[in-house]
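Colleague: Chains D and Y, in that order, are what the protein sequence lines are. Going by the numbering used here, the residue at position 244 of the first sequence is 244; the numbering climbs one at a time, nothing skipped. Going by the numbering used here, the residue at position 138 of the second sequence is 389; the numbering climbs one at a time, nothing skipped. The C-beta atom is built at its ideal place from N, Cα and C for all residues, glycine as well. One structure coming up, written as structure tokens, with questions to follow.
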Amino acid sequence: MRRAALPLCLAGVLLASGAARADEDELEAGRVIAVQDRPFRLAHEFTVSAGVLPMDAFYTGLSLGGSYTLHLTDLVSWEAIAFHYSASVDKGLSDQLLERWSVEDTDEPVIQYLVSSHAIFTPFYGKLTLLNNSIVNVSTYLSVGGGAIRYQGEGGFRPHFSIGPGLRFLFGQVVSARLDARNMISPDFLGGADYILHVTASVSFNFGSSRPTDLGDDELEEADLADPFGDLDELYPLSDPERGKKREGEQ
Amino acid sequence: MTAKRTALALVALLGSAPWAPALAAGSEPERTAIQERKFQLFHELKISAGAMPLNAFQKGWSLSLSYTHHLNDYLSWEILQVTGALLTSTNLRDSLIDQFAVPPEDFAAPRFMLTTGLEVNPLYGKQAFLNDEVSHHALIGGVYGGIVLGDRASVADMLTDLRPAVGLGVGYRLFLDETYSARLDIRDFLSFRRAIRENESFQVENVLLMTLSLSFNLWRDDA
């Protein structure tokens, strides 16, 4: 009797575990992700920035600048123009060369200002909690673009190509804070290329919420005239009996 | 006294008025729902590749290993990070060696770093990727301290040239799942370098360490 009971128990356990697994499979067959609409809609953005150009061996550039960005969609925007003036702070390398090895440096080009234009892609948008208490809306983006760099003295202009990530904290429809790290390659006509890193912290002010890519007024009016509940009534005829009766009368 | 009584009566009357509940309801603070953090870290092992780009004579390409113990959601202790760097010579260093006969041992850029640090993780959240996939991420801030070892000719010289260093850092973590996460860290150290050779002088060096890392969250309490 005991010998017969053991396989029966095992079979029972296996069947039960199989049924449980089937339930889990059913539950895990679909995945529901709720993605909310973005609460803030940027259109015309004016930005004031302070930054640093830390890479040059001889000086550190401290920059001050601004930009205008036109937001075309939630995903794509165009930083139409950005201008950054840089003040150089000596790192003391010239003195070191002179004191330690009695070597005088040649005149290295020093960045005076940068003018650029970037396409900005914002694939990430979400919310951060601060100490599990308050919520800040954030977006992460990538800037790709280029422009010109003006060097002091007879350094003239050089082109540059730029790419870099950025992070935006949205404090409302108007004000947001940005952090950008732009990696620039500036080809030298005499040969070679310079790598320049520009890190900026910015405050942005957004004006308006309608974008050039939005539907025109005429198209919106047409959209309004269409029966917005028509499709719903067809799907759920019992959801609004009054409307159902009206439609029957019309027919 | 009469004026005080009148004021109190007025307040009581306004408080009991029929519009009082409506006013109270109107002034209710906005309600915010905040979920618990989906990913919690306990024992973090991190492997990082990065760059130490600021030295004028030698640029470093670094590899780091670290262990971090997460005390709670907000505070963690990076008990040890060991960093080694492969140094490449800049044009300036090459010129000094080739044209001015400067000995290569004169430069001694940071070669190894041993640091420890306290990290805070105040910001944690979710981002939608292309309004479709949801990813979890966190921002990290840290205070670090340790020692830097310069690129000297021998191990004995290297050990003589221990440079204390203190630094600040920021980081961004993207959670891949309960175990894996990717990190981007930028740490800036001030390293105090003594004079070891004849023509050297005391220097405060700026050592920037930028790393990309893969983190492993191990021995989870909830696993």
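Is PRO354/Y buried or exposed, if buried means 16 or more other CB atoms sit within 10 Å of its CB?
Modeller: Exposed: under 16 other Cβ atoms inside 10 Å.
Colleague: For ALA50/D, which of ARG41/D, ARG38/D, ASP56/D and SER67/D has the nearest alpha-carbon?
Modeller: ALA50/D has its Cα closest to that of SER67/D, out of ARG41/D, ARG38/D, ASP56/D and SER67/D.
Colleague: Would you check if there are 3 or more beta carbon pairs closer than 8 Å linking the stretch 90-109 of chain D to the stretch 358-370 of chain Y?
Modeller: Short answer: they don't touch.
Colleague: Opposite GLU45/D in the DSSP bridges: which residues?
Modeller: In DSSP, GLU45/D forms a bridge with THR69/D and ASN206/D.
Colleague: At the level of alpha carbons, what is the spacing between TYR318/Y and ARG288/Y?
Modeller: The alpha-carbon atoms of TYR318/Y and ARG288/Y are separated by roughly 22 Å.
Colleague: Closer than 8 Å, Cβ to any Cβ of chain Y: which residues of the stretch 110-142 of chain D, in chain order?
Modeller: Here the close residues are PRO123, PHE124, TYR125, GLY126, LYS127, LEU128, THR129, LEU130, LEU131, ASN132, ASN133, SER134, ILE135, VAL136, VAL138, SER139 and THR140.
Colleague: Anything in chain Y within Cβ reach of ALA57/D, meaning under 7 Å, just list it in chain order.
Modeller: Those within 7 Å of ALA57/D in chain Y are ALA307 and LEU343.
Colleague: Using the beta-carbon of each residue, which ones in chain Y are nearer than 9 Å to LEU72/D?
Modeller: Per Cβ cutoff of 9 Å: no residues; LEU72/D is ~16 Å from chain Y at best.
Colleague: Give the C-beta separation of ASN382/Y and SER327/Y to the nearest angstrom, bearing in mind that I take them to be a contact with Cβ-Cβ under 8 Å.
Modeller: Contact doesn't hold; Cβ gap of about 32 Å is too wide.
Colleague: What does MET184/D pair with, by DSSP beta-bridge criteria?
Modeller: Paired residues: SER162/D and ILE196/D.
Colleague: In whole angstroms, what separates the C-alpha of ILE185/D from that of GLY164/D?
Modeller: In a straight line, the C-alpha of ILE185/D is about 12 Å away from that of GLY164/D.
Colleague: I want to see whether chain D comes within less than 7 Å of PRO373/Y, judged by CB atoms only; does it?
Modeller: By this cut-off, PRO373/Y is an interface position.
Colleague: Quick one: which residues of the stretch 156-185 of chain D get their C-beta closer than 7 Å to a C-beta of chain Y? List them in chain order.
Modeller: The residues in question: there are none.
Colleague: Comparing C-alpha positions only, which one of VAL421/Y, SER464/Y, GLY397/Y and LEU374/Y sits nearest to HIS387/Y?
Modeller: Among VAL421/Y, SER464/Y, GLY397/Y and LEU374/Y, the Cα nearest to that of HIS387/Y belongs to LEU374/Y.
Colleague: Counting only beta-carbon separations shorter than 7 Å, does ILE285/Y have a partner in chain D?
Modeller: For ILE285/Y, the answer is yes, since a Cβ of chain D falls inside 7 Å of its Cβ.
Colleague: Along chain Y, in chain order, which residues have C-beta atoms closer than 8 Å to that of ARG252/D?
Modeller: For chain D, the structure presents residues 1 to 251; residue 252/D sits outside this window and is missing.
Colleague: Report yes or no: is there a C-beta of chain Y within less than 7 Å of the C-beta of ASP25/D?
Modeller: Because the pLDDT of ASP25/D is 48, which lies under 50, any placement of that residue in the model is unreliable, and the question is left without a value.
Colleague: Please look up how many angstroms separate the CB atoms of SER176/D and SER204/D, rounded, as I've assumed it's under 8 Å.
Modeller: Going by Cβ atoms, the distance from SER176/D to SER204/D rounds to 5 Å, so yes, they are a contact pair.
Colleague: Buried or exposed: where does ASP95/D fall if 16 or more other Cβ atoms within 10 Å of its Cβ makes it buried?
Modeller: It counts as exposed.
Colleague: Within this structure, are the beta carbons of GLY376/Y and GLY126/D separated by less than 7 Å?
Modeller: Yes, the pair counts as a contact, with Cβ atoms nearer than the cut-off.
Colleague: Indicate the three-state DSSP secondary structure (helix, strand or coil) for GLN271/D in the structure shown.
Modeller: Beyond the ends of chain D as shown, which are 1 and 251, falls residue 271/D; an answer cannot be given.
Colleague: Could you list the residues in the stretch 443-456 of chain Y with a C-beta less than 9 Å from some C-beta on chain D, going in chain order?
Modeller: Within the stretch 443-456 of chain Y, the residues whose Cβ lies closer than 9 Å to some Cβ of chain D are ASN450, GLU451, SER452 and GLN454, listed in chain order.
Colleague: Would you say GLN378/Y reaches chain D, if we count a Cβ-Cβ gap shorter than 7 Å as a contact?
Modeller: Yes, GLN378/Y lies at the interface with chain D (some Cβ there is under 7 Å from its Cβ).
Colleague: Output yes if chain Y places a C-beta closer than 7 Å to the C-beta of VAL103/D; else output no.
Modeller: It does: the Cβ of VAL103/D has a partner Cβ on chain Y nearer than 7 Å.
Colleague: Counting beta carbon pairs with one atom in the stretch 64-84 of chain D and one in the stretch 111-119 of chain D, are three or more of them shorter than 8 Å?
Modeller: Because the criterion of three Cβ pairs below 8 Å is met, the stretch 111-119 of chain D and the stretch 64-84 of chain D touch.
Colleague: Residues bridged to SER432/Y by DSSP?
Modeller: The partner list for SER432/Y (beta bridge, DSSP) reads PHE426/Y and SER466/Y.
Colleague: Candidates HIS320/Y, ALA352/Y, LEU390/Y and ARG414/Y: which alpha carbon is nearest GLY368/Y's?
Modeller: Checked all of HIS320/Y, ALA352/Y, LEU390/Y and ARG414/Y; the closest Cα to GLY368/Y is HIS320/Y.
Colleague: Counting C-beta neighbours from all protein chains within 10 Å, is the total for LEU305/Y 16 or more, i.e. buried, or is it exposed?
Modeller: Per the 10 Å Cβ criterion, buried.
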